[in-house]
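There are 2 protein chains.
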Amino acid sequence: MQKIRLGIVGYGNVGRGVEYAISQNDDLELVAIFTRRKPEEISTVNKSITIHKMEEISNYIHSIDTMILCGGSTRDLPEHAPHFATMFNCVDSFDNHSRIPEYFALVDESAKKSKKISIISTGWDPGLFSLLRVLGMACIPVGCDYTFWGTGVSQGHSEAIRRIGGVKYAIQYTIPNDNAVAEVRKCTNPTLNTSQRHIRKCFVVAEHNADLIFIEHAIKTMPHYFFDYDTRVHFISEKEFLSEHSKMPHGGIVFRTGTTGNENTNKQRMEFLLQLESNPEFTANVMVAYARAAYQLYLKGEIGARTVFDVPIGLLVPNPMEELMKMVL
Amino acid sequence: MQKIRLGIVGYGNVGRGVEYAISQNDDLELVAIFTRRKPEEISTVNKSITIHKMEEISNYIHSIDTMILCGGSTRDLPEHAPHFATMFNCVDSFDNHSRIPEYFALVDESAKKSKKISIISTGWDPGLFSLLRVLGMACIPVGCDYTFWGTGVSQGHSEAIRRIGGVKYAIQYTIPNDNAVAEVRKCTNPTLNTSQRHIRKCFVVAEHNADLIFIEHAIKTMPHYFFDYDTRVHFISEKEFLSEHSKMPHGGIVFRTGTTGNENTNKQRMEFLLQLESNPEFTANVMVAYARAAYQLYLKGEIGARTVFDVPIGLLVPNPMEELMKMVL
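In order, the protein sequence lines correspond to chains E and U. If you read the first sequence in this note's numbering, its first letter stands for residue 1, the second for the next number, and so on. If you read the second sequence in this note's numbering, its first letter stands for residue 1001, the second for the next number, and so on.
Have a look at this one:
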């Protein structure tokens, strides 16, 4: 069987996760990695993979079936995605929710010109969580949905703490509030805003002689980030910080709860939970599955931008539909 | 907006659930119900819906967009589905897993002749659980999957108990074994067969003067049904039976657990849980969502049989893709 030939643009945590992910799939092959950094400064997992400067990417138009764009949503992707869609089938994990429609339009225009496919905003949120929200709306039309995030690291909140004077290291975990989760599981469709749904747990290493009371107060009163939340601050040693808080876990739960039947008396609940020890590696795995699907859609003659809502689930795996029917239907 | 016009074949628990489900969706309309029974003996939820004999169905070829087949998998569907696929777009919930490939082939042949779409084996297992198994394989390729069923009524096991002498009423609930679920959640990928994953809880109303010890022994030693399981038998009064055990709850959990990254050290877990107070009503809701999708696929010019693996999730809801992109992506 001819393997599907993939490329990676951007070699940070997600890019490295994509390299691992491809190695877990026999039908996929990593052809090259493209970076804005100096290629000789990058150490890949598989030493035999060639790393190239971004400018060389157009030489690969005929040797890469889908390009996996691993840049950030703020600056990289708005530039990369419309550009590389003129050359390749692409997938990305663009996660700036409010800008998705305009981003989609730009990518769609490029992909239509090149007669290729680009699947935008894959990953798990947006991505799998979005899929499950739609599945919930479809199967429990009279109902509510709830998304809880965590337990997981929020980079934005961790950075906000690090900007406070006297803080040496800091990490913030977003954690679903157990009481709120329990309430949702009762199918009472409670009204719960984001701050009622989550706890913010902060681990802080203070500078020598720093004012701990000041730091804790500065965190807990920080508007938008912490003020409205059940915020818990723990001061720990540098040693504990480095040994216990170096992973990038994340996850969350998407609920749909509602009722069916005569006078809507029967409660129905759908729940989708992710618990991830490595957020970037799981995101990478989802992207790789959609990279496979993008190439399948391209082979069927489809062109333009797509979202996870457009992609049949069976195209995410290498197995033919007949085999899936026997094996897992 | 023109509503999608639906019909129901077979008016048992699921057929009635479909009638409720259609009433929860503004873009859908129930045109007629077809039955093998005498129409005048059937009392529908909405009294103004017309009920017809099965023979009249061909008069509706031009006035029903998708027919929802609510017959049983043993006798009804193998006959109904290939037949009605020659006239209508259809959905069904065929759940005889081992016979799905041959069933698919028959329906496919009919649907290709009529240039219509038939989506087979919708519902939640097969159906949503199958989708989630594939999503798990796609996103955690190095891993295991586990399906737990329940808490829910097993009709087959309930009937098996009722065949024992001295039993007046009986109902059997399949319940996930908490210890097994906890083990799976640890991502240790344990080996667990069906009997280790489930408890079988039986509520029995005995005839007056029946030998309770004999009944309990007969249940617990019944091969295939109960012998290998943690089986628990509770004798209750007829009054309690009728008041507490008249609903048809069900549900279950599909897990995918595995590892990613360097030397597969990072554990990743996906979990999809259903808790349903009415199994037939939820099954009906899923079928109705796929009935909508079947018509959309037909409008795109697709023909033949399909499974849930072929259907983009976005087609299950009435919202246009642009709206979904803004609202839930």
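Don't be surprised by glycine CBs; every beta carbon is placed ideally from N, CA and C.
query                                                                                                                                                                                                    : result
Is it buried or exposed, Phe-148 of chain E, if we count other Cβ atoms within 10 angstroms and call 16 or more buried?                                                                                  : buried
Within 10 angstroms of its Cβ, does Asn-1279 of chain U collect 16 or more other Cβ (buried), or is it exposed?                                                                                          : buried
Can you list, in chain order, the residues of the region 1088-1104 of chain U whose Cβ is nearer than 9 Å to any Cβ on chain E?                                                                          : His-1097, Ser-1098, Ile-1100, Pro-1101, Phe-1104
Please report how far the alpha carbon of Ala-1284 of chain U lies from the alpha carbon of Ser-246 of chain E, in whole angstroms.                                                                      : 47 Å
Looking only at C-alpha atoms, which of U:Arg-1099, U:Glu-1102, U:Gly-1123 sits nearest to Asp-1092 of chain U?                                                                                          : U:Gly-1123
Against chain U, which members of the region 12-28 of chain E pass a CB distance test of less than 8 Å?                                                                                                  : Gly-17, Tyr-20, Ala-21, Gln-24, Asn-25
Since Val-1134 of chain U contacts Leu-324 of chain E with CB under 8 Å, what's their CB separation in whole angstroms?                                                                                  : 6 Å
What is the DSSP secondary structure of Asp-125 of chain E, reduced to helix, strand or coil?                                                                                                            : coil
Are Thr-1086 of chain U and Ala-1294 of chain U close, meaning C-beta to C-beta below 7 Å?                                                                                                               : no
For chain U, check one thing: does any of its Cβ atoms lie closer than 7 Å to the Cβ of Pro-190 of chain E?                                                                                              : no
May I have a chain-ordered list of the beta strand (DSSP E) segments no shorter than 3 residues that lie completely inside the region 1133-1203 of chain U?                                              : 1143-1149, 1167-1176
Which of helix, strand or coil does DSSP assign to Arg-1016 of chain U?                                                                                                                                  : helix
7 Å is my cut-off, CB to CB: does Pro-126 of chain E come that close to chain U?                                                                                                                         : yes
Tell me which residue opens and which closes the alpha helix (DSSP H) that Glu-974 of chain U is part of.                                                                                                : What is shown of chain U runs 1001 to 1329, which leaves residue 974 of chain U out entirely.
Please classify Ala-21 of chain E as buried or exposed, where buried requires at least 16 other C-beta atoms within 10 Å of its C-beta.                                                                  : buried
Please classify Ser-63 of chain E: does DSSP put it in a helix, a strand, or coil?                                                                                                                       : coil
Report all residues from its chain with a CB closer than 8 Å to the CB of Pro-1082 of chain U; omit the five preceding and five following residues, and keep chain order.                                : Leu-1106, Val-1107, Glu-1109, Ser-1110
What three-state label does DSSP hand Ile-8 of chain E in the structure shown?                                                                                                                           : strand
Are there three or more Cβ pairs, one per stretch, closer than 8 Å when the region 1174-1185 of chain U is compared with the region 1210-1220 of chain U?                                                : no
Return the bridge partner residues of Glu-1056 of chain U from the DSSP annotation.                                                                                                                      : Its beta-bridge partners do not exist; DSSP assigns none.
Quick check on the DSSP output: the alpha helix (DSSP H) that includes Asn-1089 of chain U runs from which residue to which?                                                                             : Segment 1089-1091 is the beta strand (DSSP E) holding Asn-1089 of chain U; no alpha helix (DSSP H) there.
From U:Ile-1061, U:Arg-1269, U:Thr-1259, pick the residue whose C-alpha is nearest to that of Ile-253 of chain E; which is it?                                                                           : U:Arg-1269
Considering only residues of the region 277-323 of chain E, which uninterrupted beta strand (DSSP E) runs meet the minimum length of 3 residues and lie entirely inside it, listed in chain order?       : 304-306
Evaluate contact between the region 191-205 of chain E and the region 254-269 of chain E, counting only Cβ atoms and requiring at least three cross-stretch pairs below 8 Å.                             : no
My assumption, with CB atoms under 8 Å, is that Thr-1035 of chain U sits in contact with Tyr-1011 of chain U. Please give the rounded CB distance.                                                       : 5 Å
What number of angstroms, rounded off, separates the C-alpha of Tyr-169 of chain E from the C-alpha of Val-9 of chain E?                                                                                 : 30 Å
Identify, in the order they occur along the chain, each residue of the same chain with its Cβ nearer than 8 Å to the Cβ of Ile-1064 of chain U, setting aside the five sequence neighbours on each side. : Arg-1005, Leu-1006, Gly-1007, Val-1031, Ala-1032, Phe-1088
Would you mind working out which of E:Leu-274, E:His-62, E:Lys-115 sits nearest Lys-300 of chain E, comparing C-alpha positions?                                                                         : E:Lys-115
Can you check DSSP and say which residues form a bridge with Glu-271 of chain E?                                                                                                                         : E:Phe-255, U:Leu-1273
I want to verify the contact list: residues of chain E whose CB lies under 8 Å from the CB of Gly-1261 of chain U, in sequence order.                                                                    : Gly-17, Tyr-20, Ser-278, Glu-281
Restricting to Cα atoms, I'd like to know which of E:Gly-150, E:Gln-172, E:Cys-144 is closest to Gly-156 of chain E.                                                                                     : E:Gln-172
Show which residues of chain E have a CB atom less than 7 Å away from the CB atom of Met-1001 of chain U.                                                                                                : Neighbours of Met-1001 of chain U on chain E: none; closest Cβ ~16 Å, over 7 Å.
Of all the CB atoms in chain U, is at least one closer than 7 Å to the CB of Met-325 of chain E?                                                                                                         : yes
Determine the DSSP secondary structure at Arg-36 of chain E, reduced to helix, strand or coil.                                                                                                           : coil
Using a 10 Å radius around the Cβ and a threshold of 16 neighbouring Cβ atoms, would you call Thr-1231 of chain U buried or exposed?                                                                     : buried
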